[in-house]
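Protein chains: 2
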Amino acid sequence: MVTLVSETKLTLAKLADIAGVSTSTASRALKDNPLIKQETRSRIQALAKEHNFSINAAASRLRTQKTHVIAVILNLIDNTEQSTTDPFLLKLVGELNQALNAKGYELLLSNSFMASDDWANYFIRSQRADGIIVIGQGKSTAKIDRAAQSGIPIVVWGDAKTDAPYPIIGGDNYLGGYTATQHLLSHGAKRILFLGDSEHAEMQERHKGYSQAHRDANVPIDTQCTCAIDITSKAAYQYINERIKANGLDFDGIVCVSDMVALGALKALKERYVGIPSDVGIVGYDDISLAELMHPSLTTVRQNTQHAAIEMVTQLLNQFENKPTESQVVETTLIARRSTQHSD
Amino acid sequence: MVTLVSETKLTLAKLADIAGVSTSTASRALKDNPLIKQETRSRIQALAKEHNFSINAAASRLRTQKTHVIAVILNLIDNTEQSTTDPFLLKLVGELNQALNAKGYELLLSNSFMASDDWANYFIRSQRADGIIVIGQGKSTAKIDRAAQSGIPIVVWGDAKTDAPYPIIGGDNYLGGYTATQHLLSHGAKRILFLGDSEHAEMQERHKGYSQAHRDANVPIDTQCTCAIDITSKAAYQYINERIKANGLDFDGIVCVSDMVALGALKALKERYVGIPSDVGIVGYDDISLAELMHPSLTTVRQNTQHAAIEMVTQLLNQFENKPTESQVVETTLIARRSTQHSD
DNA sequence: GAATAAAATGCAATCGTTTGCAAATTTTTT
DNA sequence: AAAAAATTTGCAAACGATTGCATTTTATTC
Numbered sequence: 633m634v635t636l637v638s639e640t641k642l643t644l645a646k647l648a649d650i651a652g653v654s655t656s657t658a659s660r661a662l663k664d665n666p667l668i669k670q671e672t673r674s675r676i677q678a679l680a681k682e683h684n685f686s687i688n689a690a691a692s693r694l695r696t697q698k699t700h701v702i703a704v705i706l707n708l709i710d711n712t713e714q715s716t717t718d719p720f721l722l723k724l725v726g727e728l729n730q731a732l733n734a735k736g737y738e739l740l741l742s743n744s745f746m747a748s749d750d751w752a753n754y755f756i757r758s759q760r761a762d763g764i765i766v767i768g769q770g771k772s773t774a775k776i777d778r779a780a781q782s783g784i785p786i787v788v789w790g791d792a793k794t795d796a797p798y799p800i801i802g803g804d805n806y807l808g809g810y811t812a813t814q815h816l817l818s819h820g821a822k823r824i825l826f827l828g829d830s831e832h833a834e835m836q837e838r839h840k841g842y843s844q845a846h847r848d849a850n851v852p853i854d855t856q857c858t859c860a861i862d863i864t865s866k867a868a869y870q871y872i873n874e875r876i877k878a879n880g881l882d883f884d885g886i887v888c889v890s891d892m893v894a895l896g897a898l899k900a901l902k903e904r905y906v907g908i909p910s911d912v913g914i915v916g917y918d919d920i921s922l923a924e925l926m927h928p929s930l931t932t933v934r935q936n937t938q939h940a941a942i943e944m945v946t947q948l949l950n951q952f953e954n955k956p957t958e959s960q961v962v963e964t965t966l967i968a969r970r971s972t973q974h975s976d
Numbered sequence: 633m634v635t636l637v638s639e640t641k642l643t644l645a646k647l648a649d650i651a652g653v654s655t656s657t658a659s660r661a662l663k664d665n666p667l668i669k670q671e672t673r674s675r676i677q678a679l680a681k682e683h684n685f686s687i688n689a690a691a692s693r694l695r696t697q698k699t700h701v702i703a704v705i706l707n708l709i710d711n712t713e714q715s716t717t718d719p720f721l722l723k724l725v726g727e728l729n730q731a732l733n734a735k736g737y738e739l740l741l742s743n744s745f746m747a748s749d750d751w752a753n754y755f756i757r758s759q760r761a762d763g764i765i766v767i768g769q770g771k772s773t774a775k776i777d778r779a780a781q782s783g784i785p786i787v788v789w790g791d792a793k794t795d796a797p798y799p800i801i802g803g804d805n806y807l808g809g810y811t812a813t814q815h816l817l818s819h820g821a822k823r824i825l826f827l828g829d830s831e832h833a834e835m836q837e838r839h840k841g842y843s844q845a846h847r848d849a850n851v852p853i854d855t856q857c858t859c860a861i862d863i864t865s866k867a868a869y870q871y872i873n874e875r876i877k878a879n880g881l882d883f884d885g886i887v888c889v890s891d892m893v894a895l896g897a898l899k900a901l902k903e904r905y906v907g908i909p910s911d912v913g914i915v916g917y918d919d920i921s922l923a924e925l926m927h928p929s930l931t932t933v934r935q936n937t938q939h940a941a942i943e944m945v946t947q948l949l950n951q952f953e954n955k956p957t958e959s960q961v962v963e964t965t966l967i968a969r970r971s972t973q974h975s976d
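Line by line, the protein sequences give chains A and B.
Residue numbering for the first sequence is 633 to 976, as defined by the numbering used here.
Residue numbering for the second sequence is 633 to 976, as defined by the numbering used here.
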């Protein structure tokens, strides 16, 4: 059976014609509007299916002024390639896709390199999307602030403790940093490196937790142990390599701001036959799927991303209805594995 | 300085009013149409910037019948969660985003679970997107075939050797499988497992390469060595574990259909203190960023995804202009690392 | 069976751009 | 300085769906 491609595009008007009703009736019938007699509704819906009819989204959006599209912006750091390589960000995108679809929205993917600088204009005023979800606060929140200032619906994944006029969803970074550090200290570590980029709000919070854990354990902190590097495994690998070359093994624990960073550090240590966790314990962040596949498996801090995604979507949709919104902290737990402790 | 949110939405008509010209002139001026006097053009463009004006995409799409949006569909395998976990797919999405943006298109992300079954209808006829890029042929190409049959612009990432009425971009899977196997054989392996799901076209090709390599090397093939598992690290981990438990170490090499699978296998072997590569050599596929971070670093087959993305976009845009299209094979190379050979 | 209430359908304006064609303006030519 | 040609601009009709309001049809009541 060959289905011929219909010569002329099928519009609602034509479908209505076929059904012998007006376009208004057809339109309502397709939306299951109870204003229309049940029998008519079913008849038209069946007809639509039969003729492979689809409402024209462009026309519908123009008329209703709603797109049912959400722009998700990966807010990347300018000079690093954190983006394409970090599984965590993309995992979050996957979860968002799911959460959005569940609410009848679609996901327009973008990143801070490509989208023009004026997000409110480009995405919302232009009616490309109804709202924006930004992943990551980046080093500066200028663009986010600007977008928010113009009053568009917006939600951010970042550090929820940051004071901002828009809701921020994120793990408890202070707690994450604290727990990771405390975990190492309780296993006897005395000189713990903090590996990450301290310009991020999220990372700063983690660093505060790192410091507090030291204070609570009465272990002195050496500023030499706070290491600012790009958030990539390569940077971590290089840093650890060079540090050991220069100073010898002058630390016995590492708190990393992401699993990717941890894996880079791990590789450098292994190549130099540093025992893990016997000589150095390592804690990562994010619990990417590879963390438990490493050898030794990687102790890390997991944030409930699925819950986060749902929360972000909820907070965004709330804004559509002018409901109040608020920043939300999602569950953050330490997953203890072999990179910090010997066989259980 | 407070920028007031303009009370009434700024439309092209209003902008034209402000400028003292007709909407037609304004429209053309914004597109830098040479029909309009240069001076007028600049004046209106400046005015648009000043007033934060953005063309309404919905209206524009309705009128021009073009969306400048491409739907990217992750064609996942129904019961596995390959999706959210496999860095390779998401890397490809990243590259596509880049390639699309370079051509002035946006990326609408979707996956085979969520999108309705009738892609042509849902995305194209509904004017949500101008074309479709499908990532992965899946176990059945039914949905893809159906979409293609209705004559919409479509491109697929998969096995380029598959005969299909749409262009397929992909690595040379036969060669990849052949090279990986040959590499292991040349390092002395005699019984090599093939770990993967043979229902995929891509995997089948790789398996053919695997077989041919054996024949060329005069090494017998045991069907017991072809192992059908889900394409996840977890499945690989379990499989290897159970196999060893049941049969002992009855193999000395593994060809995996993805790095994720390889990492799962690797973990299982390490836990049983199987020497790598001394007892068993392992080759992965995809060269995800973690491959070289593993210990030992993972020998794998790399496909040039950046080139692939650009090629896919090109082939898709060609269809818009009714230019001929053709399947394309992208560069596929073996990256030899420690998991198959001792220190160099 | 007429009057009233309730249910179902249709009319027509609107959303904001784009574009073929006509009209107005400017420049060039004779 | 008028005619012809070239350059700029504007008119008005699409694009296809949605929805408040009016109208028609059906069901209910007396």
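All C-beta atoms in this analysis are idealised placements derived from N, C-alpha and C, irrespective of residue type, glycine included.
For clarity, every value in this text was computed on a predicted model and none was experimentally measured.
Residue state for R970 of chain A is assigned as coil, using DSSP reduced to three classes. Interface with chain B (8 Å Cβ-Cβ cutoff): L722 of chain A is included.
Between S865 of chain B and L895 of chain B, the gap from beta carbon to beta carbon is short of 8 Å. Ranked by how close their Cα comes to the Cα of V766 of chain B, the residues B:K735, B:L708 and B:A821 have B:L708 in first place.
With a 10 Å radius around the Cβ and a threshold of 16 neighbouring Cβ atoms, R757 of chain A comes out buried.
Per DSSP, reduced to three states, the secondary structure at G896 of chain B is helical. Per the C-alpha coordinates, the member of B:R778, B:D829, B:E831 and B:T858 positioned closest to T813 of chain B is B:T858. G808 of chain A and V933 of chain A do touch by the CB rule: their CB atoms are close to 4 Å apart, below 8 Å. Contact of A645 of chain B with chain A is not assigned, every C-beta pair being separated by 8 Å or more.
By DSSP's assignment, I765 of chain B forms a beta bridge with B:V704 and B:V787.
In the structure shown, R695 of chain B adopts helical secondary structure according to DSSP, grouped into three states.
As DSSP reads the structure, Q870 of chain B sits in no beta bridge. Under the three-state reduction of DSSP, F745 of chain A is assigned to coil, being neither helix nor strand. Scanning its chain for C-beta atoms nearer than 7 Å, with the 5 sequence neighbours on each side dropped, one finds around T937 of chain B the residues K723, L724 and E727, in chain order.
Annotation: the continuous alpha helix (DSSP H) that includes L724 of chain B extends over P719 to A734. Boundaries around V945 of chain A are those of the alpha helix (DSSP H), T937 to F952, since no beta strand (DSSP E) includes it. Per DSSP, L922 of chain B lies in no beta strand (DSSP E) segment and is marked neither H nor E. Taking the CA atoms as reference points, Y810 of chain B sits about 13 Å from L825 of chain B. Within the model, the alpha-carbon separation for V851 of chain A versus K822 of chain A is close to 7 Å. In the same chain as S843 of chain B, and ignoring 5 residues on each side of it, the C-beta atoms closer than 8 Å to its own belong to I853, in chain order. Straight-line spacing of the CA atoms in G885 of chain A and A752 of chain B works out to 55 Å. Listed in chain order, the non-local C-beta contacts of A731 of chain B below 6 Å within the same chain comprise A941, I942 and V945, local neighbours out to five positions each way being set aside.
Within the region 677-693 of chain A, contact with chain B at the beta-carbon level (separation under 9 Å) is assigned to N684, F685, S686, I687, N688, A689, A690, A691, S692 and R693. Beta bridge pairing from DSSP links C888 of chain A with A:L827. Chain A has no Cβ within less than 8 Å of the Cβ of Q670 of chain B.
Around Y806 of chain B, the same chain offers E837, K840 and G841 as residues with beta carbons nearer than 6 Å, after the five sequence neighbours per side are excluded. With fewer than 16 other Cβ atoms from the protein chains shown falling within 10 Å of its own Cβ, F952 of chain A counts as exposed. Looking only at B:I920, B:D918, B:E903 and B:M926, the smallest Cα-Cα distance to L898 of chain A is reached by B:M926.
Judged by their CB atoms, Q759 of chain A and R693 of chain A are nearer to each other than the 8 Å cut-off. Taken atom to atom, the span from the alpha-carbon of A658 of chain A to that of Y754 of chain B is near 19 Å. In this structure H832 of chain B is not in contact with T931 of chain B, their Cβ atoms being roughly 22 Å apart against a cut-off of 8 Å.
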